[in-house]
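J.: My questions all concern the structure below.
Numbering (this note's numbering), first residue to last: 1 to 302.
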C-alpha cells in the first residue's frame, strides 16, 4: 500500500483528501454515510464572528455540469460553534479545520482568535473569496492589498496553521498568492467558486435571490487546475487544490499540478461517501503505477 499521509505546513494529514467548506456541514451530518476518521481533513462550514441568516431563497440552482449557490455564510456564529459543535467533534480522529469569514480584518481576527483557543482544531481556512455575501468576503480576496490586510490581522492573533482560500475572480491569482504568503499564510487553498448566474426566462429575472452566485462542480475544474498550476510555480507554501473534483483521477490531476492535498465539495451532494472512494482510488492508482508515496506525484507534470 502506498504512503498517503501529507503535510500542510505543521498540519499532518493521514491522507490528502479533505472536504470543502459549505458542502459537508460540520461533518457530523455525514457520519452515518462515511467514517469521518477515514478522511484526511474536514473543513467545516463557514463561521463568522456573529450569527448570519444568509441570503433569501432561492439560493441554489442547478447548471450544466455544476451548481450555483448564494447561501451567504448562514451560521450561528463562532461562540455557538465553540460551545455546541466543537465538543461533539473534537474526539473524532481527523484534522478539523474551521473556515473563517468576516466583514472586516478585525472581524476575521477576532473570530480566528476564538478558534485558536480550541485544542483539537489545528488549522483555519481563511475565506477571503466568498462571492455570495454583500459585505466583506470576496472584496478582500480580489486585490493584493485587501488579501494582505486580512491575513496580517489574523496572523497577529492566530498561532496555528493558517490556510488562505483564494478567489478565482481575479486577473492574476499568482499575485494574490504571493501577497498572502508574504503576509504569513502557511498554505493556500484554491479555487473558490466562480461568479455566475442563471435566468428564469418565464419570469424574466435571475433564478437566485441576489442575482448572482458561486459556480461549482465539474464545469470549473479546468480553470481550477490552471490556477493551481500557476500558483504552484509562484509560491513556496503548500497548496490545497479544489474545484470540480468528482473522482480519484480528478484528484490526481490536481496533485500533479502542484497541490499537496485536495478538497471535495459539490460531489458530496451527489455521493456522501465520495471522499473515501477518492482516497481509495488514489491509493489504487499509486499502487498500480509503482509509486510509493502520494508526495512523489505532487507537481509531477512536465
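Glycine included, every Cβ here is placed at the ideal spot set by N, Cα and C.
#1: Considering only their Cβ atoms, is the gap separating residue 152 from residue 183 smaller than 7 Å?
#2: Can you tell me the Cα-Cα spacing of residue 104 and residue 74, whole angstroms?
#3: Using C-beta distances below 6 Å, list every residue in its chain close to residue 113, excluding the 5 sequence neighbours before and after it, in chain order.
#4: Around the C-beta of residue 117, are 16 or more other C-beta atoms found within 10 angstroms, so that it is buried, or is it exposed?
#5: Let me check understanding here. Comparing Cα to Cα, which of 275, 174, 238 and 208 lies closest to residue 226?
#6: For residue 274 and residue 197, I'd like the C-alpha separation in whole angstroms.
#7: If you run the structure through DSSP and keep just helix, strand and coil, what is residue 18?
#8: Using a threshold of 7 Å, state whether the C-beta atoms of residue 296 and residue 9 are closer than that.
#9: Determine the burial state of residue 135: buried for a count of at least 16 other Cβ atoms within 10 Å of its Cβ, exposed for fewer.
#10: Three or more beta-carbon pairs under 8 Å between the segment 4-21 and the segment 281-298, yes or no?
#11: What ranges does the alpha helix (DSSP H) occupy inside the segment 208-236, keeping only unbroken runs of at least 4 residues that lie completely in it?
#12: Please say whether residue 263 and residue 18 have beta carbons closer to each other than 7 Å?
#13: Per DSSP, which residues does residue 68 bridge with? Please list them.
#14: Taking only three categories from DSSP, how would you classify residue 132?
#15: Taking only three categories from DSSP, how would you classify residue 77?
#16: Measuring alpha carbon to alpha carbon, tell me which of 20, 163, 181 and 35 ends up nearest residue 145.
#17: Determine the extent of the alpha helix (DSSP H) in which residue 144 is found, giving its start and end residues.
#18: Going straight from the alpha carbon of residue 64 to that of residue 219, what length do you get?
#19: Closer than 8 Å is the cut-off here; do at least three beta carbon pairs connect the segment 35-53 with the segment 91-99?
#20: In terms of DSSP beta bridges, what is residue 12 paired with?
#21: DSSP puts residue 160 in a beta bridge; with which residues?
#22: Any chance the segment 42-51 sits against the segment 18-33, with 3 or more Cβ pairs inside 8 Å?
#23: Please state if the CB of residue 46 and the CB of residue 127 are separated by a distance shorter than 7 Å.
#24: With burial defined as no fewer than 16 other Cβ atoms inside 10 Å of the residue's Cβ, what is the status of residue 119: buried or exposed?
#25: Check for me: the alpha helix (DSSP H) holding residue 286 runs from which residue to which?
#26: Between the C-alpha atoms of residue 58 and residue 72, what's the straight-line distance to the nearest angstrom?
#27: Quick one: Cα of residue 270 to Cα of residue 286, how far?
#28: Roughly how many angstroms lie between the CA atoms of residue 23 and residue 266, to the nearest whole one?
#29: What do you reckon, are the CB atoms on residue 50 and residue 70 nearer than 7 Å?
T.: Let me spell this out:
#1: On the chain shown, residue 183 is found 183 positions in, with the first residue counted as 1. On the chain shown, residue 152 is found 152 positions in, with the first residue counted as 1. Going by C-beta atoms, residue 183 is nearer than 7 Å to residue 152.
#2: What you label residue 104 is simply residue 104 of the chain shown in a count that begins at 1. What you label residue 74 is simply residue 74 of the chain shown in a count that begins at 1. So the two alpha carbons sit approximately 17 Å from each other.
#3: Counted from its first residue, the chain shown places residue 113 at position 113. Only 157 meet the Cβ criterion.
#4: By 1-based counting over the chain shown, the position of residue 117 is 117. Answer is exposed; the Cβ neighbour count stays below 16.
#5: Looking up residue 226 in the chain shown gives position 226. Selected option, being the one with the closest Cα: 174.
#6: As a working mapping, residue 274 is identified with position 274 in the chain shown. As a working mapping, residue 197 is identified with position 197 in the chain shown. Roughly 27 Å separates the two Cα atoms.
#7: By one-based count along the chain shown, residue 18 stands at place 18. The answer is strand: DSSP assigns residue 18 an E or B state.
#8: Along the chain shown, read from residue 1 onward, the residue named residue 296 stands at position 296. Along the chain shown, read from residue 1 onward, the residue named residue 9 stands at position 9. Not a contact, by the Cβ cut-off of 7 Å.
#9: Walking along the chain shown from the start, residue 135 turns up at place 135. Residue confidence is low: residue 135 scores 48 on pLDDT, short of 50, so the model does not pin down where it sits. Its coordinate-derived value is still stated next. By the neighbour-count definition (other C-beta atoms within 10 Å, threshold 16), residue 135 is an exposed residue.
#10: yes
#11: 221-232
#12: For the purposes of this step, residue 18 is identified with residue 18 of the chain shown, where counting begins at 1. For the purposes of this step, residue 263 is identified with residue 263 of the chain shown, where counting begins at 1. Yes, they are a contact pair.
#13: Along the chain shown, one-based indexing puts residue 68 at 68. DSSP, once it has assigned bridges, lists 61 and 215 as partnering residue 68.
#14: Taking the chain shown and counting its residues from 1, the one referred to as residue 132 is at position 132. At residue 132, the pLDDT of 45 sits below 50, so the modelled position is not reliable; the number obtained from the coordinates is stated separately. Coil, per DSSP.
#15: Within the chain shown, residue 77 is the residue found at index 77, counting from 1. Residue 77 falls in the coil class under three-state DSSP.
#16: In the chain shown, the residue the question calls residue 145 occupies position 145. When only C-alpha atoms are compared, the closest one is 181.
#17: On the chain shown, residue 144 is found 144 positions in, with the first residue counted as 1. Residue range 144-155 is occupied by the alpha helix (DSSP H) that includes residue 144.
#18: The residue labelled residue 64 in the question sits at position 64 within the chain shown. The residue labelled residue 219 in the question sits at position 219 within the chain shown. Distance between the alpha carbons of residue 64 and residue 219 is about 7 Å.
#19: yes
#20: Stepping through the chain shown from its first residue, residue 12 is reached at position 12. Residue 12 is bridged to 7.
#21: Within the chain shown, the letter at position 160 stands for residue 160. For residue 160, which the question treats as bridged, DSSP gives no partner whatsoever.
#22: Yes, the segment 42-51 is in contact with the segment 18-33.
#23: Locating residue 127 in the chain shown gives position 127, counting from the first residue. Locating residue 46 in the chain shown gives position 46, counting from the first residue. Yes, Cβ-Cβ distance for residue 127 and residue 46 is below 7 Å.
#24: On the chain shown, position 119 is the one that residue 119 refers to. Residue 119 comes out exposed.
#25: In the chain shown, residue 286 corresponds to position 286, counting from 1. Element bounds for residue 286: 274-288.
#26: For the purposes of this step, residue 58 is taken as residue 58 along the chain shown, with counting starting at 1. For the purposes of this step, residue 72 is taken as residue 72 along the chain shown, with counting starting at 1. C-alpha separation (whole angstroms): 12 Å.
#27: As a working mapping, residue 270 is identified with position 270 in the chain shown. As a working mapping, residue 286 is identified with position 286 in the chain shown. If I take the Cα positions, the gap works out to 25 Å.
#28: Against the chain shown, residue 23 aligns to sequence position 23. Against the chain shown, residue 266 aligns to sequence position 266. Rounded to whole angstroms, residue 23 to residue 266 spans 6 Å at the Cα level.
#29: Translated into positions along the chain shown, residue 50 becomes position 50. Translated into positions along the chain shown, residue 70 becomes position 70. Against a cut-off of 7 Å, the Cβ pair of residue 70 and residue 50 comes out as no contact.
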